[in-house]
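Colleague:
Residue numbers (UniProt numbering): 1 to 155.
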């Protein structure tokens with residue numbers, strides 16, 4: 001079986017799985033004409049500064065997926081140590097050296113949701129936010145709540 005056919009089969013299987021059995025707090029829409037581009041909405045985890053927010057993400061499956069990780073970026077502005085102001089996410093599983101082709105997009109989206117609840121202060125992407133999170137967590141969480149209330153209204 002060609003790698004392109006295997007890729008198409010894998011994407012079709014993941015698409016079916018995530019649409020019929022979506023992870024809790026995660027909604028995905030997929031353009032049937034282009035299965036390489038997905039839109040996801042992640043609910044902010046309870047008991048966090050992100051609670052009540054709906055965060056939009058863009059998901060792109062590269063040509064060599066699943067042998068390379070998907071490219072996932074927040075479309076919603078997020079105040080978080082592991083997320084840049086441009087939406088880039090610092091997460092090992094999204095890096096080529098941390099990706100395992102057996103992983104599925106649904107589990108990556110769940111990991112991103114967990115990252116909202118549990119920032120990794122040892123591996124920041126946004127140093128400004130990380131420094132505040134370390135020096136004044138209450139203010140950092142207040143800023144995160146403000147961003148959530150202002151920007152996290154994806155539908």
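A virtual CB, placed ideally from N, CA and C, is assigned to each residue, including glycine. Nothing here was measured: the structure is a model prediction, and the numbers come from that model.
Would you mind stating whether residue 45 and residue 81 have Cβ atoms separated by less than 8 Å?
Modeller: In the chain shown, residue 45 corresponds to position 45, counting from 1. In the chain shown, residue 81 corresponds to position 81, counting from 1. Cβ distance not < 8 Å, so residue 45 and residue 81 don't count as in contact.
Colleague: Only counting the same chain, and skipping five residues up and downstream in sequence, which positions put a Cβ closer than 7 Å to that of residue 68?
Modeller: Counted from its first residue, the chain shown places residue 68 at position 68. 62, 96, 99.
Colleague: Whose C-beta lies closer than 6 Å to the C-beta of residue 58 among residues of the same chain, with five residues either side of it excluded?
Modeller: Stepping through the chain shown from its first residue, residue 58 is reached at position 58. The residues are 73, 75.
Colleague: Assess, as a yes-or-no matter, whether the segment 117-137 is touched by the segment 20-27 under the definition of 3 or more beta carbon pairs within less than 8 Å.
Modeller: Touching, no, given that fewer than three Cβ pairs across the two stretches are closer than 8 Å.
Colleague: Out of 92, 65, 139, 5, point me to the one whose CA is closest to residue 37's CA.
Modeller: Here residue 37 is taken as the residue at index 37 of the chain shown, counted from 1. That would be 65, whose Cα lies nearest to the Cα of residue 37.
Colleague: Does the distance from the CB of residue 116 to the CB of residue 48 come in under 8 Å?
Modeller: The residue labelled residue 116 in the question sits at position 116 within the chain shown. The residue labelled residue 48 in the question sits at position 48 within the chain shown. The answer is yes: Cβ separation under 8 Å.
Colleague: Span of the beta strand (DSSP E) holding residue 37?
Modeller: Here residue 37 is taken as the residue at index 37 of the chain shown, counted from 1. First-last of the beta strand (DSSP E) with residue 37: 37-43.
Colleague: Give the secondary structure of residue 100 by DSSP, where H, G and I count as helix, E and B as strand, and everything else as coil.
Modeller: In the chain shown, counting from the first residue as 1, residue 100 sits at position 100. In this structure, residue 100 counts as coil in the three-state DSSP scheme.
Colleague: Would you mind listing the alpha helix (DSSP H) stretches within the UniProt domain "UBC core" (6-153) that are 4+ residues and don't spill past its ends, in chain order?
Modeller: Fully enclosed alpha helix (DSSP H) runs of 4 or longer: 105-117, 127-135, 137-151.
Colleague: Our contact map puts residue 111 next to residue 91 with C-beta atoms below 8 Å; I'd like the distance itself, whole angstroms only.
Modeller: Counting from one through the chain shown, the residue named residue 111 turns up at place 111. Counting from one through the chain shown, the residue named residue 91 turns up at place 91. Contact flag correct, Cβ pair sits at about 7 Å.
Colleague: If you check the beta carbons only, do residue 54 and residue 144 fall under 8 Å apart?
Modeller: Taking the first residue of the chain shown as 1, we reach residue 54 at position 54. Taking the first residue of the chain shown as 1, we reach residue 144 at position 144. Result no, Cβ atoms of residue 54 and residue 144 do not sit closer than 8 Å.
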